[in-house]
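Note that the protein sequences, when read in sequence, are chains A and B.
With our numbering, the residue at position 27 of the first sequence is 27, and numbering never jumps.
With our numbering, the residue at position 83 of the second sequence is 1083, and numbering never jumps.
Cβ atoms here follow ideal geometry from the backbone N, Cα and C, with glycine treated the same way.
Everything numeric in this text was worked out from a predicted model, so none of it was measured.
For reference, the structure discussed in these notes is given below.
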Amino acid sequence: MPDNVNCRQASRLLSAAYDRDLNATESEALQYHLGRCLMCRNFDTQLKFLRKASERFRTGGD
Amino acid sequence: MTDPRFADIESHRPYLLRYALSQLRDGQLAEEAVQEALVSALESVGTFGGKSTLRTWLTSILRFKVIDLQRRTVSDRTRLEPTDFSSQADDESWLDELFDETGHWRVPPQAWSDPEAALEQRRFWEMFEKCLDRLPPAGGRVFFKREILGEDTDTICKEERITTSNCWVILHRARLALRACVEKNWFGNEAARA
């Protein structure tokens, strides 16, 4: 399968996955791209961290 | 005789103001709500049992003040600043600043070193708030509701009177901007963490 999403599109799908369900085509294309792209894997990890930080920010963490 | 918790309470003011702004969209009303909430909190701090965090307790007080103010100003809706998302939702040229013509990152996201430790540092949170402040006002408000308050996207779109796909674009932009800001000012900046 060709890598038919680029980083720009992958970033959009990674963000969208927090707000809606990705369809099968989107999911597959995203996973394929992530498998080959360290930068987007970093971005994925960072989004997870930012969500965790945001949740902590709500309660003040104390 | 000063309760040491007074200073603690005051330290949450910036967060509370951000919360009030996200709900009321009016700086003056937001200030008013926060002021009333802090006065109530100071009066009843003795009843705070520590079952939740202080911030959560303060937010619950503020929520009532916000609802009260929304009721009182319901006939005066014209005071609300109209939401202007046009510059961010309709065209995606802002993405060109972050990605080149072939869709690659212009500044590749780095592996962040020990992010968990950052959560324990006061200066990390100061930087985090500054980065939130740098988001465009409307985008920052949507991000605050979605990521910090955990509201669902449909509710936010209705409140903001924007389409769902606009909501996604706005959130995508806010996440990218926040990520870049946090990387620049914390994880990519050894001096900040020292």
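Simplified DSSP assignment, three categories, for residue i
| i | result |
| --- | --- |
| B:Gln1088 | Note that B:Gln1088 scores a pLDDT of 49, beneath 50, so its modelled location is shaky and nothing firm can be said. |
| B:Trp1112 | coil |
| B:Phe1143 | helix |
| B:Phe1187 | helix |
| B:Phe1048 | coil |
| B:Pro1004 | coil |
| B:Ile1162 | coil |
| A:Gly35 | helix |
| A:Gln46 | helix |
| B:Pro1136 | coil |
| B:Ala1194 | coil |
| A:Arg20 | coil |
| B:His1012 | coil |
| B:Asp1152 | coil |
| A:Gln9 | helix |
| B:Gln1028 | helix |
| B:Gln1121 | coil |
| B:Thr1056 | helix |
| B:Thr1073 | coil |
Chain-ordered neighbours of residue i on chain B, where CB pairs are closer than 8 Å
| i | result |
| --- | --- |
| A:Thr59 | Ser1052, Thr1053, Arg1055 and Thr1056 |
| A:Arg36 | Ordered by position in chain B, no residue passes the 8 Å Cβ test against A:Arg36, which lies about 13 Å from the chain. |
| A:Ser27 | What A:Ser27 touches in chain B: nothing, since even the nearest Cβ is about 16 Å away. |
Residues near residue i in its chain [Cβ-Cβ closer than 8 Å; skip 5 each side]
| i | result |
| --- | --- |
| B:Gly1027 | Leu1021 |
| B:Gln1088 | Residue confidence for B:Gln1088 is low, a pLDDT of 49 falling below 50, so the modelled location carries little weight; the figure read from the coordinates is stated next. Excluding sequence neighbours, B:Gln1088 sits near Trp1094, Pro1136, Ala1138, Gly1139, Val1169, Ile1170 and Arg1173. |
| B:Leu1097 | Residue identity check: residue 1097 of chain B is Glu in the sequence provided, not Leu. Closer than 8 Å at the Cβ level, and outside the excluded window around B:Glu1097, lie Arg1106. |
| B:Val995 | Given that chain B is displayed from residue 1001 to residue 1194, the structure contains no residue 995 of chain B and the question cannot be resolved. |
| B:Gly1188 | Gln1110 |
| A:Leu14 | Leu30, Cys40, Phe43, Asp44 and Leu47 |
Contact belief for residue i with residue j at Cβ below 8 Å, rounded distance in angstroms
| i | j | result |
| --- | --- | --- |
| B:Val1107 | B:Leu1062 | In fact, because the Cβ distance is near 37 Å, the residues do not count as touching under 8 Å. |
| A:Asp44 | A:Leu34 | 7 Å |
| B:Phe1099 | A:Cys7 | 6 Å |
| B:Pro1014 | B:Glu1190 | Wrong, their Cβ atoms sit about 26 Å apart, outside the cutoff. |
| B:Glu1160 | B:Val1142 | 6 Å |
| A:Gly60 | B:Leu1054 | 6 Å |
| B:Leu1149 | A:Arg58 | 7 Å |
One or two residues paired with residue i in a DSSP bridge
| i | result |
| --- | --- |
| B:Phe1099 | B:Trp1105 |
Cross-chain neighbours of residue i in chain A, by beta carbon under 7 Å
| i | result |
| --- | --- |
| B:Phe1128 | Ala53 and Phe57 |
| B:Ile1061 | Simply none; closest approach about 14 Å. |
| B:Ala1111 | Asn42 |
| B:Pro1108 | Met39 |
| B:Glu1147 | Arg51 and Ser54 |
| B:Pro1115 | Phe49 |
| B:Trp1105 | Cys7 and Met39 |
Proximal residues of chain B, C-beta to C-beta of residue i below 9 Å
| i | result |
| --- | --- |
| A:Leu22 | Near A:Leu22 there are no residues of chain B at all, since even the closest Cβ is about 12 Å away, more than 9 Å. |
| A:Leu47 | Arg1175 and Arg1179 |
| A:Ala16 | Trp1168, Leu1171 and His1172 |
Interface residues of chain D facing residue i [CB-CB closer than 9 Å]
| i | result |
| --- | --- |
| A:Gln31 | The chain labelled as chain D is not found among the protein chains of the depicted structure, namely A and B. |
Under 8 Å from the C-beta of residue i: neighbouring residues of chain A
| i | result |
| --- | --- |
| B:Leu1119 | Lys52, Ala53, Arg56 and Gly61 |
| B:Leu1095 | Arg8 |
| B:Thr1153 | Asp19 and Arg20 |
Closer than 7 Å at the beta carbon, the chain B residues around residue i
| i | result |
| --- | --- |
| A:Asn4 | Residues of chain B passing the Cβ test: none, with the nearest at roughly 11 Å. |
Same chain only: Cβ atoms within 7 Å of residue i, ignoring 5 sequence neighbours per side
| i | result |
| --- | --- |
| B:Leu1042 | Phe1006 and Ile1009 |
| A:Glu26 | Leu13 |
| B:Ile1156 | Val1142, Lys1145, Arg1146 and Cys1167 |
| B:Ala1030 | Leu1017, Ala1020, Leu1021 and Leu1024 |
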